[in-house]
Amino acid sequence: MQLAISNILQVVNVTGLGGQNIMECLTSKQTINDTVEVVNNISFSEKKDSHLSDDEINKFLDDISVLRTLLEQKISAIDNINQLLQKISWLRDLNDECLKLLNILILVGKDFHSTLTKGFTPLDKLSESGIAVSEICNFKESVDDLLDVLDDLEMSFFVFPKNEDFIEINNKLSAL
Amino acid sequence: MKVYCLPEFKEECDKLLKNNSYLDLNKEIAKFFHGRKFEDCLTGTNLNQSADAPHIKKDIGGRGGYRLYYVALRKKEEIYFGFVHPKTGSKGSSNTQDDFRLTIPKKIYKAIEQKELLQITITEGDISYTKPK
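Respectively, the protein sequence lines represent chains U and R.
For what it's worth, the working numbering labels the leading residue of the first sequence as 1, then goes sequentially.
For what it's worth, the working numbering labels the leading residue of the second sequence as 1001, then goes sequentially.
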């Protein structure tokens, strides 16, 4: 564009418009018109886009806020489940029917944990970009706690009771 | 309610307290136990299904806090700290290994028998250790 205008100015300076033939004048006019159109289009797009950009930024910020709220709700729900599972760890002398039910609970809980961890990868990307860092960190901690308490239930109700050391130490401590 | 700990519990705490990320460890322990009745300390996860001597895993210090393992002797109303670890930071971890968790009540019982425990005094914002007479 700059070159085209420069060429036009050169023609005007050297020969003056009066010295130009009609064909040259029309070509120059066309070139300038084309250039005006290009500049005008870009300028218009810029104005239009920058206007849209504000909307997009606001929408983006709204989305982050929605994500934060959603994560907080999930954290609260998972923490509630974790507390319920912890209370189950205080139950004793469970019969086979109860143990069967507890086994189902552990399996359902582990399936829930697996579903939750599938969402980690996109959340990690957001966290790396500095978005909802604290909420994502807390969410992952709650999900980790869920697996921990499920493992604890499995070990204390199904695995450790078969361990002689475990039984012996429990009896000794209980006798103190 | 009396509180005791394994000597290695104190060593672990001392090690953690040297790290700037864990300077609040004693404060967080004190915050949970200070002025609390024995029965109110029986919360968290019961790892051995015992009513008389539950082995308890308790998260303290809120998010990214610490995980404390202790045995509570109901008849004596005594608590024995066995192990603590932070949940986050360079020394942070999630659950301990299953085998390791089994060793904690064992070590506590042995320490009770051999009188190797340290007594813990819990004040409003701190804890201190003494060798029981």
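Built from N, CA and C at the ideal position, the CB exists for glycine as well.
Where does residue i sit, in a helix, a strand or coil, going by DSSP?
i	result
R/R1067	strand
U/E168	helix
U/P161	helix
U/G109	helix
R/K1131	coil
R/N1019	coil
R/N1048	coil
R/F1033	helix
R/E1077	coil
U/Q30	helix
R/L1118	strand
R/T1053	It should be noted that the sequence gives Ala, not Thr, for residue 1053 of chain R. Reduced to three states, the DSSP call for R/A1053 is coil.
U/D144	helix
R/K1091	coil
R/D1059	strand
Does the beta carbon of residue i come closer than 7 Å to any beta carbon on chain U?
i	result
R/A1053	yes
R/Q1049	yes
R/P960	Residue 960 of chain R is absent from the structure shown; chain R starts at 1001 and stops at 1133.
R/Y1109	yes
R/K1106	yes
Taking only beta-carbon positions, decide if residue i is within less than 7 Å of chain R.
i	result
U/R68	no
U/N170	yes
U/M1	In this prediction, U/M1 has a pLDDT of 48, which is less than 50 and means its spatial position is unreliable; what the coordinates show is noted afterwards. No, U/M1 does not count as interfacial toward chain R.
U/Q86	yes
U/L61	no
What do you get for residue i, buried or exposed, if any count of 16 or more other CB atoms within 10 angstroms of its CB means buried?
i	result
U/A132	buried
U/P161	exposed
R/E1124	exposed
R/F995	The requested residue 995 of chain R is not part of the displayed model; chain R covers only 1001 to 1133.
U/I78	buried
U/V108	exposed
R/G1082	buried
R/A1030	buried
Report the residues of the segment 144-166 of chain U with a CB closer than 9 Å to any CB of chain R, ordered along the chain. With the criterion set as a beta carbon lying under 9 Å from some beta carbon of chain R, the members of the segment 144-166 of chain U are D144, D145, L147, D148, V149, D151, D152, L153, M155, S156, F157, V159, F160, P161, N163, D165, F166, in sequence order.
Please name the residues in the segment 1015-1046 of chain R whose beta-carbon is closer than 7 Å to at least one beta-carbon of chain U, in chain order. G1044, T1045, N1046
Got a sec: which bits of the segment 1063-1076 of chain R sit with their beta carbon under 8 Å from any beta carbon on chain U, in order along the chain? Those residues of the segment 1063-1076 of chain R that come within reach of chain U (Cβ to Cβ, closer than 8 Å) are R1063, G1064, V1071, L1073, K1075, K1076.
As an exercise, report each continuous beta strand (DSSP E) stretch of at least 3 residues that is fully enclosed by the segment 74-134 of chain U, in chain order. As summarised for the segment 74-134 of chain U, there are no continuous beta strand (DSSP E) elements at least 3 residues long confined to that stretch.
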